[in-house]
Ligand code: BTN
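Residue numbers (this note's numbering): 327 to 586.
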């Protein structure tokens with residue numbers, strides 16, 4: 327059996343009426359929500375949250391591990407009426423900024439967005455985002471935005487030394503339900519900015535908090551070769567722009583560069 331227990335709640339927040347599907351355990355909230363959208367008509371902002379995931383999925387086919395009941399793991403369905411694929415990087419900015427601003431309100435120290443959309447505190451990863459888009463011709467018609475935030479987990483496997491949690495960093499335990507509502511409100515707010523005249527503003531806000539922006543740093547390329555560079559910005563196609571030692575700007579895709 328895939329879902330152990332399911333509760334559907336309607337949650338009224340200050341500005342939103344949300345349909346939240348609460349699961350005890352599921353393979354992946356992204357996969358569950360994707361299947362729902364394939365079989366039923368799903369309302370905008372429908373959210374699936376789970377206490378545990380046994381096949382959590384991360385970027386680049388990696389797994390996402392999360393101790394049951396300790397963290398926030400959820401996926402939200404959003405539909406778009408007129409959003410072009412060419413503007414996809416702004417969707418990434420909006421989602422990352424929504425999480426960043428939510429966590430920033432809790433005075434979590436040294437928060438940064440690490441390209442493309444990890445949220446770090448003091449160089450440790452607190453949050454990962456996996457956005458899966460449905461595309462028709464040149465438009466993104468809907469997205470499933472999957473967010474995993476390490477909240478109250480205190481021990482992490484040694485295989486993921488970069489991982490940490492809000493509890494580990496601030497010493498404070500957080501209420502997962504309140505945090506989810508705040509995140510969803512900010513998600514709504516930032517996704518509403520996905521209109522042409524707000525793109526530049528989203529990009530500026532993202533670049534302001536981008537990890538290692540304008541700081542000389544060490545990277546590894548796809549062949550594991552180390553090199554020095556300076557993060558300068560994000561290209562139209564979403565690639566990372568890095569200034570190399572010869573002053574040329576080179577663009578890198580997700581699998582082509584690693585921060586060291
Ligand atoms: C990353 O690799 O950093 C992205 C991790 C995304 C994890 C979240 S947890 C909720 C949702 N369901 C999944 O299977 N993945 C995302």
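Glycine residues also receive a C-beta, built at the ideal position from the N, C-alpha and C atoms.
Residue state for residue 433 is assigned as coil, using DSSP reduced to three classes. Contact check for residue 398 against residue 376 fails: the beta carbons are separated by 7 Å or more. Residue 405 is bridged by DSSP to 468.
Here residue 442 is buried, its C-beta having at least 16 other C-beta atoms within 10 Å. DSSP lists 468 as the beta-bridge partner residues of residue 460. Restricted to the region 533-564, the beta strand (DSSP E) segments that are unbroken, complete and at least 3 residues in length are 542-547 and 552-560, listed in chain order.
Apart from sequence neighbours up to five positions away, the residues of its chain that approach residue 389 with a beta-carbon distance below 8 Å are 381, 382 and 383, ordered along the chain. Placement of the Cβ of residue 350 at a distance of 6 Å or more from every heavy atom of ligand 1 is found. The region 372-430 is shown to contain whole beta strand (DSSP E) runs of 3 or more residues at 373-379 and 398-410, in chain order.
Where residue 346 is concerned, the enclosing beta strand (DSSP E) starts and stops at 343-352. Taking a contact to require three or more Cβ pairs closer than 8 Å, the region 434-441 and the region 362-369 do not qualify as touching.
Of all alpha-carbon atoms in 584, 524, 579 and 550, the one lying nearest the alpha-carbon of residue 420 is that of 524.
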